[in-house]
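Visitor: Quick note, the sequence shown lines up with residues 0 to 120 if you use numbering that gives the first Met the number 0.
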Amino acid sequence: MKTYRNSPSGTVDRARELRRSSTEAEKKLWRELRRVFPAATFRRQSPVGPFFADFLSFKHKLIVEVDGGQHDEHRHADARRTAFLEGEGFQVIRFWNDDVLQNADGVLQVIASHLQADGGE
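1. Would VAL99 and LYS27 qualify as a contact pair, given that the criterion is a beta-carbon distance under 7 Å?
2. Hey, GLN90 and LEU61 are a contact pair by Cβ (cut 8 Å); roughly how many whole angstroms apart?
3. Can you give me the start and stop residues for the alpha helix (DSSP H) that ALA111 sits inside?
4. Which whole-angstrom value describes the C-beta separation of TRP196 and ASP66, a residue pair presumed to lie in contact below a C-beta threshold of 8 Å?
5. Which residues in the same chain have their Cβ closer than 7 Å to the Cβ of THR40, if we skip the five residues on either side of it in sequence?
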């Protein structure tokens, strides 16, 4: 398994910047992930190759992405990003901001099913 701890210079600063500029949906999901799935040890804005995963559990090889409306215009870039992350051995699941804000319980159920399928939580 590859490790991503020795990231290029500036990566830590960029991750901090992304965490500081999180959307309301990302902030809400972060609180819920820590509350509901503490053993999954999710990290926020964690670097994986040239990308930053919104929420990543190395333990479960699971990445959770929260997409805003602008992502509808970037489907091809998202598809390439997802293909790269899956090629690195991660399972990627995506939710829209509105899903997190309006149906957090449903989002958490989907995440729980992925964690359980991996034998966790």
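In this text, a Cβ means the ideal position worked out from N, Cα and C, and glycines have one as well.
Guide: The answer reads as follows:
1. Yes; because the gap between Cβ atoms is below 7 Å, this pair is in contact.
2. Between LEU61 and GLN90 the Cβ distance is about 5 Å, and since that is below 8 Å, they are a contact.
3. Residues 103 to 116.
4. The chain is shown only over 0 to 120; residue 196 falls outside these bounds and no answer can be derived.
5. So the list reads SER56, LYS58, once near-sequence residues are dropped.
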